[in-house]
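J.: Take this structure, written in structure tokens, and hold onto it; I'll ask about it next.
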Amino acid sequence: MLFALILSGSVLARSPSWFQERMQEIDSAHALSKDEQIELLGVLVGIGQSPMDDEQRLVYLKAETALLAIPGHAEYYRDKILQSQERAKTIGPYALSNYAEEIMYSFQTLPLLPSPEGVSVLGELLSNDWVPPGNDTAIASEKFLPLSLKAMDVLTRFPILDKPFKTPLTMENVADAQAAWRLWYEQIKSGERTFRFEGDPTEYDLHGPAPGQKLEHISRDRKRDTEREAGHERIAESPVAAPSKSMPVALLIASIVLLASLGWYFAKARSRGIS
4 MLFALILSGS VLARSPSWFQ ERMQEIDSAH ALSKDEQIEL LGVLVGIGQS
54 PMDDEQRLVY LKAETALLAI PGHAEYYRDK ILQSQERAKT IGPYALSNYA
104 EEIMYSFQTL PLLPSPEGVS VLGELLSNDW VPPGNDTAIA SEKFLPLSLK
154 AMDVLTRFPI LDKPFKTPLT MENVADAQAA WRLWYEQIKS GERTFRFEGD
204 PTEYDLHGPA PGQKLEHISR DRKRDTEREA GHERIAESPV AAPSKSMPVA
254 LLIASIVLLA SLGWYFAKAR SRGIS
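If you're matching positions, the sequence shown starts at 4 in the numbering used here and goes up one per residue.
Here you go:
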């Protein structure tokens, strides 16, 4: 289904009933199939790409809430991207054009879906470096940047606290940024860390709010690593602590010297008594 006609970037172009019609569409979206719900709500959430008036903001917030509540809301866009990518690898120019279009529309919506599922989808795309072969100007343009770079760009725009790479992206640091984000995602995927969104105290893993047992385990690991790092720093910085490891050896050497001296003294005294 196509819902593009329900939106307009211009306040003047909207009918007086636009707001009520959009709110009613959101309320009745549950009657649609899951894919149709995501498509409709995704178009409405797309209002958030541009400055909004009060009515648009209310529609956007209601559509966003409804969309994020649907399991598979981010996977829907991932599947469309990857399916069109597979077609582009095998079919030819038409499929390549469709791939470019799918990338454009999906990556307009994904930045507006900050959720654990969104992080999971984008995290997996961080390893997708495929680009169409050839040196044609159109193929080499920004629309065909690898999905890994586009996913990283979206993650940098997500309201994630303690991002692994905080420096603005440039051509010079993009490789470092990729390495940092990939490591961050692998640590989350393996259960070594969680993440939070700005304004939300909840700790998340890729499945939603992290269970208490996982948080306790991560907290213990963080405390252990912090204490270990602090201990290493104290040893490195303290002028007294560093030689402490050699003190037993020093005592051993001093004992040997003392015993040798005593042995020489008693041997000397005995020789004098015998003579």
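The beta carbon of each residue, even a glycine, is placed where N, CA and C say it ideally should be.
Computed from a predicted structure; not experimentally measured.
According to DSSP, is Asp208 helix, strand or coil?
T.: For the purposes of this step, residue 208 is identified with residue 205 of the sequence shown, where counting begins at 1. Strand, per DSSP.
J.: Select from Trp187, Glu67 and Asn101 the residue whose C-alpha is nearest the C-alpha of Pro114.
T.: Start at 1 with the first residue of the sequence shown, and residue 114 comes out as number 111. The shortest C-alpha separation from Pro114 is found at Glu67.
J.: Looking only at C-alpha atoms, which of Ile106, Met107 and Gln88 sits nearest to Ala98?
T.: If you number the sequence shown from 1, residue 98 lands on position 95. Nearest C-alpha to Ala98: Gln88.
J.: Starting from Val134, trace the alpha helix (DSSP H) in both directions and tell me its first and last residue.
T.: As a position in the sequence shown, residue 134 is number 131, starting the count at 1. Taken as a continuous stretch (DSSP letters only), Val134 belongs to no alpha helix (DSSP H), as it is neither H nor E.
J.: Between the C-alpha atoms of His210 and Tyr188, what's the straight-line distance to the nearest angstrom?
T.: Indexing the sequence shown from 1 puts residue 210 at position 207. Indexing the sequence shown from 1 puts residue 188 at position 185. Going by the C-alpha atoms only, they are around 13 Å apart.
J.: What are the uninterrupted segments assigned as alpha helix (DSSP H) that are 4 or more residues long and contained completely in the segment 26-106, given in chain order?
T.: 37-48, 57-71 and 76-93
J.: I'd like to know whether the C-beta atoms of Ser151 and Leu172 end up nearer to each other than 7 Å.
T.: Locating residue 151 in the sequence shown gives position 148, counting from the first residue. Locating residue 172 in the sequence shown gives position 169, counting from the first residue. Against a cut-off of 7 Å, the Cβ pair of Leu172 and Ser151 comes out as no contact.
J.: Can you tell me which of the three DSSP states Phe22 falls into?
T.: Within the sequence shown, residue 22 is the residue found at index 19, counting from 1. Three-state DSSP puts Phe22 in a helix.
J.: Taking Cβ to Cβ, would you say Glu120 is nearer than 7 Å to Ala77?
T.: In the sequence shown, counting from the first residue as 1, residue 120 sits at position 117. In the sequence shown, counting from the first residue as 1, residue 77 sits at position 74. It is a contact, given that the beta carbons lie within the stated cut-off.
J.: By Cβ distance below 6 Å, which residues in the same chain neighbour Met250 in space, the five residues on each side in sequence not counted?
T.: Here residue 250 is taken as the residue at index 247 of the sequence shown, counted from 1. Its pLDDT being 40, under 50, Met250 is placed unreliably by the model, and the measurement read from it follows with that caveat. Hits under 6 Å: none found.
J.: Distance check for Ala178 and Ala32, CA to CA, integer angstroms please.
T.: For the purposes of this step, residue 32 is taken as the residue at position 29 of the sequence shown. For the purposes of this step, residue 178 is taken as the residue at position 175 of the sequence shown. The straight-line gap from Cα to Cα measures roughly 42 Å.
J.: Within 10 angstroms of its Cβ, does Trp184 collect 16 or more other Cβ (buried), or is it exposed?
T.: Locating residue 184 in the sequence shown gives position 181, counting from the first residue. Trp184 should be labelled buried.
J.: Checking 7 Å against the spacing of the C-beta atoms, do Ile50 and Tyr63 come in under that value?
T.: To locate residue 50, count along the sequence shown from 1; it is residue 47. To locate residue 63, count along the sequence shown from 1; it is residue 60. A contact, by the Cβ cut-off of 7 Å.
J.: So what's Phe161 in DSSP terms, helix, strand or just coil?
T.: Taking the sequence shown and counting its residues from 1, the one referred to as residue 161 is at position 158. If DSSP states are grouped into helix, strand and coil, Phe161 belongs with coil.
J.: Which of the three DSSP states, helix, strand or coil, is assigned to Phe168?
T.: Start at 1 with the first residue of the sequence shown, and residue 168 comes out as number 165. Note: Phe168 maps to coil in three-state DSSP.
J.: Quick one: what's Phe200 bridged to in DSSP?
T.: For the purposes of this step, residue 200 is taken as residue 197 along the sequence shown, with counting starting at 1. Its beta-bridge partners are Ile163.
J.: Can the beta-carbon of Arg81 be found less than 7 Å from the beta-carbon of Val46?
T.: For the purposes of this step, residue 81 is identified with residue 78 of the sequence shown, where counting begins at 1. For the purposes of this step, residue 46 is identified with residue 43 of the sequence shown, where counting begins at 1. Contact: no.
J.: Among residues of its own chain, excluding the 5 on either side of Met55, which ones have a beta-carbon nearer than 7 Å to its beta-carbon?
T.: Reading the sequence shown from its first residue, position 52 is the one you call residue 55. Closer than 7 Å at the Cβ level, and outside the excluded window around Met55, lie Tyr63.
J.: To the nearest angstrom, report how far apart Leu5 and Glu195 are at their CA atoms.
T.: Sequence index remark: in the sequence shown, residue 5 carries index 2 (1-based). Sequence index remark: in the sequence shown, residue 195 carries index 192 (1-based). Bear in mind that a pLDDT of 41 at Leu5, under 50, signals an unreliable position, so the number given afterwards is only what the model happens to contain. Between Leu5 and Glu195, the C-alpha separation is close to 42 Å.
J.: Use the C-beta contact count for Val252: other C-beta atoms within 10 angstroms, 16 or more gives buried, fewer gives exposed.
T.: Looking up residue 252 in the sequence shown gives position 249. Because the pLDDT at Val252 is just 37, under 50, the model does not fix this residue reliably, and the value given afterwards should be weighed accordingly. Exposed, since its Cβ has fewer than 16 Cβ neighbours within 10 Å.
J.: Using a threshold of 7 Å, state whether the C-beta atoms of Pro212 and Thr205 are closer than that.
T.: The count along the sequence shown starts at 1 and reaches residue 212 at position 209. The count along the sequence shown starts at 1 and reaches residue 205 at position 202. Yes, Cβ-Cβ distance for Pro212 and Thr205 is below 7 Å.
J.: Are the CB atoms of Pro149 and Asp132 nearer to each other than 7 Å?
T.: Indexing the sequence shown from 1 puts residue 149 at position 146. Indexing the sequence shown from 1 puts residue 132 at position 129. Yes, these two residues count as a Cβ contact at 7 Å.
J.: Using the Cα positions of Ala91 and Pro19, report the straight-line distance between them to the nearest angstrom.
T.: For the purposes of this step, residue 91 is taken as residue 88 along the sequence shown, with counting starting at 1. For the purposes of this step, residue 19 is taken as residue 16 along the sequence shown, with counting starting at 1. In a straight line, the C-alpha of Ala91 is about 43 Å away from that of Pro19.
J.: Can you check which of these residues, Ser36, Ile84 and Gly126, is closest to Ser100 by C-alpha distance?
T.: On the sequence shown, position 97 is the one that residue 100 refers to. Comparing Cα positions, the closest option is Ile84.
J.: Along the chain, where does the alpha helix (DSSP H) containing Leu299 start, and where does it finish?
T.: This structure cannot settle anything about residue 299, because the visible part of the chain is limited to 4 through 278.
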